[in-house]
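Have a look at the structure below, then the notes.
Numbering (the numbering used here), first residue to last: 4 to 480.
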């Protein structure tokens, strides 16, 4: 294909790019022919409208549905977290600073050219694809594959997000992984290109416009939406603001569809049974998967209870975050998945969610721990809560206490207590035994946090009794 034809196919006229040198125009043509894994500077635009140039790697390219033959590119900003990855149009790529092309793969020649007859015959009868061929085929088919990955399930199929350790996950080929995404809804973190690519850049939820972080298996027709519009009460989703406004005139829901079990000031918690509110819980999981990378999504929400935290005003109860827990956990977990929506992060709500989960464990009379592995933000939040709670308890008592006694009072497991004490340097070895000794810096830091602390859970405001399920109610298949 000629340079002019290639440029026209990509919706641009290279001859009109007066700011580029001849060498840069040549680089642009080469880039348009094979953009995947190239690195160049891209205009990064924030929600506030500010922009800056950042070096990025092209992960994928696809045709956009806005203009025939126009392309958009999925970019990963170098040295930045993958949650900032996004789809960008060709106009945001800066070719004036040059393009860094991927290095060609050097094929190693085998030193031993003497093969016995049986080996040669076997290989001749069963031809295999070389590594270089596999990579080129993979790049050629990747656009078709990502469309399949963005395909969702039928409206009446349900889902929930839970954590799973990577060590227990099987290894899938790309075809198997695509099929798993489409049928079982698996959302495990892995190293393939598919898991890295999110299918939309932003969501509009109430008055908040939020940049998404990761892929979520919304139906295929929403794959090319730059912005997905979500009803903040029923969590139904639409590709245009007009359709959302039409829905809002009919939507009667003003709070999560469950029992209100806690209310203090403008904060409420609702308990929702996944078996009774399947569609709402599935929509919640699709929403949360946009901001959770290392989760698995199941379309059967029956085994889970959801606890949603909301902020109340004259319009209704606005979702802040939630955590889910299994109705029957063999490993004694008190949280399966936990998320504070990005628009409410950095306001202390994450720690409030964690505190509420442990308050439920106290009522149940048992210890609990979140399901592992935790995300980076989740681990930070839990460590902050554990440190705050454990140090606060130690400073409030004048008697000697053991790890087991701390666990009984706080409902934090002994293992989490030990890890927390080790992380703050509070475990000391003295006269042949381990003791707990809080340093001055730890105490000073705790006191500073207490001065800033604005929100906390009041146990007397909790109106809840543990739900006991029969064996027949726990049969989910």
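Even glycine gets a Cβ: it sits at the ideal position worked out from N, Cα and C.
Could you please give me the residues that DSSP links to residue i through a beta bridge?
i           : result
residue 36  : DSSP output for residue 36 lists no bridge partner at all.
residue 231 : 206
residue 253 : Answer is none; residue 253 lacks a bridge partner.
residue 265 : 272, 465
residue 324 : 312, 343
residue 485 : In this structure the chain extends from 4 to 480, so residue 485 is not present and cannot be described.
residue 240 : 233
residue 373 : 338
residue 319 : 316
residue 307 : 329
residue 97  : 44
Check whether the Cβ atoms of residue i and residue j lie closer than 9 angstroms to each other.
i           : j           : result
residue 367 : residue 338 : no
residue 372 : residue 343 : no
residue 328 : residue 308 : yes
residue 57  : residue 45  : yes
residue 227 : residue 240 : no
residue 95  : residue 77  : no
residue 216 : residue 87  : yes
residue 225 : residue 460 : no
residue 270 : residue 322 : no
residue 219 : residue 293 : yes
residue 73  : residue 43  : no
residue 47  : residue 55  : yes
residue 431 : residue 420 : no
residue 351 : residue 451 : no
residue 326 : residue 378 : no
residue 257 : residue 340 : no
residue 422 : residue 449 : no
residue 397 : residue 406 : no
Using 8 angstroms as the cut-off, classify the Cβ of residue i as near or not near the heavy atoms of the ligand ADP, replying yes or no.
i          : result
residue 97 : Absent from the structure shown: the ligand ADP. Ligands present: none.
From which residue to which residue does the beta strand (DSSP E) around residue i run?
i           : result
residue 338 : 336-338
Could you check the C-alpha separation between residue i and residue j for me, to the nearest Å?
i           : j           : result
residue 345 : residue 213 : 7 angstroms
residue 381 : residue 387 : 10 angstroms
residue 106 : residue 28  : 20 angstroms
residue 316 : residue 274 : 19 angstroms
residue 305 : residue 279 : 8 angstroms
residue 333 : residue 427 : 30 angstroms
residue 104 : residue 34  : 8 angstroms
residue 53  : residue 205 : 16 angstroms
residue 348 : residue 109 : 47 angstroms
residue 126 : residue 101 : The predicted model places residue 126 with a pLDDT of 37, which falls under 50 and marks its position as unreliable; any figure quoted below should be read in that light. Taking the straight line joining both Cα atoms gives about 44 angstroms.
residue 543 : residue 277 : Nothing about residue 543 can be reported from this structure: the residues present for the chain run from 4 to 480 only.
residue 254 : residue 392 : 41 angstroms
residue 31  : residue 81  : 20 angstroms
residue 472 : residue 260 : 20 angstroms
residue 202 : residue 235 : 20 angstroms
residue 424 : residue 455 : 23 angstroms
residue 49  : residue 296 : 21 angstroms
residue 330 : residue 324 : 20 angstroms
residue 403 : residue 318 : 51 angstroms
residue 462 : residue 362 : 7 angstroms
residue 313 : residue 434 : 51 angstroms
residue 436 : residue 238 : 54 angstroms
residue 477 : residue 470 : 12 angstroms
residue 248 : residue 242 : 11 angstroms
residue 414 : residue 443 : 26 angstroms
residue 464 : residue 399 : 23 angstroms
residue 36  : residue 83  : 27 angstroms
residue 272 : residue 22  : 57 angstroms
residue 63  : residue 245 : 30 angstroms
residue 358 : residue 418 : 18 angstroms
residue 411 : residue 208 : 40 angstroms
residue 446 : residue 353 : 22 angstroms
residue 429 : residue 395 : 13 angstroms
Taking the alpha helix (DSSP H) that residue i falls in, what are its first and last residues?
i           : result
residue 482 : Residue 482 lies beyond the range of the chain shown here (4 to 480); nothing can be said about it.
residue 212 : Premise fails: residue 212 lies in the beta strand (DSSP E), 211-214, not in any alpha helix (DSSP H).
residue 281 : 281-292
When the cut-off is 9 angstroms and only beta carbons count, does residue i lie next to chain B?
i          : result
residue 42 : Of the protein chains in this structure there is only one, and it is not chain B.
Item to check | Uninterrupted alpha helix (DSSP H) stretches inside the region 375-454 (no shorter than 4 residues) | outcome: 379-399, 406-413, 417-426
Next on the checklist: Suppose only complete runs of 3+ residues qualify. What are the beta strand (DSSP E) ranges in the region 53-95, listed by chain order?
Outcome noted: The qualifying runs are 54-66, 74-80, 89-92.
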